[in-house]
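Note that the sequence shown covers residues 1 to 323 in UniProt numbering.
Backbone N, C-alpha and C define an ideal beta-carbon position, used for all residues, glycine too.
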Amino acid sequence: MHDPDADAQHVVIVITTFNRAGHLDELLQSIARLDPLPGGVVVVDNASTDGTADVLAGAQLPCPLLIEHLPHNVGGAGGFAAGMTRALDEGARWLWLMDDDVVVLPAALASFHPWMQRYSCIHGRRYDAAGKPFFWQHLLHESLGVHLPVRGDVFEDSPVFHTNVGCFEGMLVSSEVVREIGLPDARFFLNGDDLTYGWLISRRHPVAYVDAFVLQKTRAQRQIDLGVRHLNDSSDLSRFCGMRNRGHQARYLQLHGSYSRVGFGVGTLLAAGKELVRLVAVERSLTGLAPVWRGWRAARTILRDPHWRPEPPFGDRRAGGAS
1 MHDPDADAQH VVIVITTFNR AGHLDELLQS IARLDPLPGG VVVVDNASTD GTADVLAGAQ
61 LPCPLLIEHL PHNVGGAGGF AAGMTRALDE GARWLWLMDD DVVVLPAALA SFHPWMQRYS
121 CIHGRRYDAA GKPFFWQHLL HESLGVHLPV RGDVFEDSPV FHTNVGCFEG MLVSSEVVRE
181 IGLPDARFFL NGDDLTYGWL ISRRHPVAYV DAFVLQKTRA QRQIDLGVRH LNDSSDLSRF
241 CGMRNRGHQA RYLQLHGSYS RVGFGVGTLL AAGKELVRLV AVERSLTGLA PVWRGWRAAR
301 TILRDPHWRP EPPFGDRRAG GAS
């Protein structure tokens, strides 16, 4: 019989933060209320310029708090890569990854406990900032290179839904999987890094989405309900990275024999169309079209780059392997 407290002691929470001191403070306070507690917390400060340093200096947690202050902002992808490296160096057996604009629910680690004996990559459910269930149930359509929503109640017949994508807003992943797959590709910066990382894991291990609420968003976002999913507001940087990173995603699909040039082209049009709908219906502006265009051009450059290489395995990267 596995002890949930013992399992929790092997979990290190990895947080990436940038200029959200207030949200980070709420998150750290919620971690202090976890029962059972994790074995430690790693916070990667992506060169924040607000009060983040003060929040971290004044944080009082009943478990070790380790801080990685980065000299410049390397985005969510680079931040998680740095934080996961630190967690592995500290002997973590499980890494629970999360952004800074959530809080953890007190029984979260106890909720994960039954699933940690069956799976090595697990996602729990989330509430949005209003306390309503946050829609996250997708499958990557490999030919299109687009993650599509799965309609209906995926937990109607089973408390677990197997997916082939990941989300760094709550992914719980074993250290063995990270060492096998490697670290997130820091070149993504943000947007699509976790989707691709989850897909890479799913090629070797089941990726589970379980019927247990473990997180709640604290940052309210404008959104519309499209029936099959919610569409949130975004930023010009996220729009640019989302389109540009399709170039990196295509290279990974090529690497694993899952790339369709025609299908991926259709998927790129769908991705651009989604951004247009987001701009018109959610943000009521078309000024974000320019970053979408720049991102598309950058993706084409990545696809033609003869020097592109995937991120190496964990050990090779630590030794200064290919970038």
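- Every beta strand (DSSP E) stretch that sits fully inside the UniProt domain "Glycosyltransferase 2-like" (13-172) and reaches 3 residues is listed by chain position as 40-45, 65-69, 94-99, 102-104, 121-127, 138-141, 146-149 and 160-163.
- Between H72 and the set D153, A47 and F240, the nearest pair of CA atoms involves A47.
- Closest in alpha carbon position to R125, among A186, R118, S111 and Y119, is S111.
- DSSP lists V102 as the beta-bridge partner residues of K217.
- Judged by beta-carbon spacing, V207 lies within the 7 Å limit of T163, meaning their Cβ atoms are closer than that value.
- With a beta-carbon spacing of about 24 Å, L172 and S238 fall beyond the 8 Å limit used to define contacts.
- In its chain, beyond the 5 residues on either side, F155 and P159 have a beta carbon closer than 6 Å to the beta carbon of D211.
- It is roughly 8 Å from the alpha-carbon of G288 to the alpha-carbon of S235.
- Non-local beta-carbon contacts of R246 in its own chain, meaning distances under 7 Å to residues more than five positions away in sequence, involve G145, T268, A271 and A299 in chain order.
- DSSP, read as helix, strand or coil, puts S202 in helix.
- W308: not part of any alpha helix (DSSP H); DSSP gives it neither H nor E.
- R93 and Q9 have their alpha carbons spaced roughly 9 Å apart.
- In this structure, G198 lies away from V150, with their beta-carbon atoms at least 7 Å apart.
- With a cutoff of 7 Å on beta-carbon distance, V42 and V14 are scored as near each other.
- Apart from sequence neighbours up to five positions away, the residues of its chain that approach A59 with a beta-carbon distance below 7 Å are L28 and L65, ordered along the chain.
- When C-alpha distances from K274 are compared across V292, L37, L215 and H307, the shortest belongs to V292.
- With a cutoff of 7 Å on beta-carbon distance, S260 and S143 are scored as near each other.
- Cβ contact annotation for A21 (same chain, cutoff 6 Å, sequence separation greater than five): D50, G51, T52 and V55, in chain order.
- Note on geometry: alpha-carbon atoms of R187 and G78 lie some 7 Å from one another.
- For L289, the enclosing alpha helix (DSSP H) stretches over residues L289 to R304.
- When C121, D193, A108 and G265 are compared, the shortest CA-CA separation from V214 is found for A108.
- The criterion of a C-beta distance shorter than 7 Å is not satisfied by S120 and V178.
- Check the Cα spacing between G265 and each of V280, H69, V104 and M243: the tightest is with M243.
- In the three-state DSSP reduction, S238 falls in the helix class (H, G or I).
- Of the residues Q216, H256, H307 and V12, the one whose Cα lies closest to the Cα of F135 is Q216.
- Closest in C-alpha terms to H138, from the list G131, Y127, A130 and D153, comes D153.
- Between I31 and V104, the C-beta gap is smaller than 7 Å, which places the two residues in contact.
- From the listed residues D194, D185, G75 and F314, the smallest Cα separation to L140 is found for D194.
- Residue pairing for A212: DSSP places it in no beta bridge.
- One Cα belongs to F240, the other to W296, and the distance between them is close to 8 Å.
- D100 places its beta carbon less than 7 Å from that of H23.
- Counting the other CB atoms within 10 Å of its CB gives A250 a total of 16 or more, which places it among the buried residues.
- Per DSSP, the continuous alpha helix (DSSP H) segment holding V178 begins and ends at S175 to I181.
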